[in-house]
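Numbering (this note's numbering), first residue to last: 1478 to 1557.
This is the structure in structure tokens:
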């Protein structure tokens, strides 16, 4: 037979302590989740504003190019 003289059973923490720990882990998980969402939203906002600024600049450049008169092509004269 086995000798259980040195065996010490692992004591479970009381249920109230486990519930407190679980609640704290849940709060921590939600905090991390909210931080990830906030970072994603900030990145999306930054990229969208950059895209809109680029599109506005391109539109302004196109409008400015439309105002500049095009040079007329010179006709070649045949002197023959």
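For glycine and all other residues, C-beta sits at the position ideal for the given N, C-alpha and C. Keep in mind it's a predicted model, so treat the numbers as computed, not measured.
Coil, strand or helix - residue 1481 by DSSP: Indexing the chain shown from 1 puts residue 1481 at position 4. Note: residue 1481 maps to coil in three-state DSSP.
Give me, in chain order, the residues of the same chain whose beta-carbon lies closer than 7 Å to that of residue 1485; leave out the 5 immediate sequence neighbours on both sides. For this step, residue 1485 is matched to residue 8 along the chain shown. Excluding positions up to five away in sequence, the list is empty.
ask   = Is DSSP giving residue 1527 helix, strand or coil here?
value = Position 50 of the chain shown, counted from the first residue, corresponds to residue 1527. In the structure shown, residue 1527 sits in a helix (DSSP, three-state: H, G or I).
Taking the C-alpha atoms as reference points, what is the distance between residue 1538 and residue 1515? In the chain shown, the residue the question calls residue 1538 occupies position 61. In the chain shown, the residue the question calls residue 1515 occupies position 38. Cα to Cα, residue 1538 sits roughly 34 Å from residue 1515.
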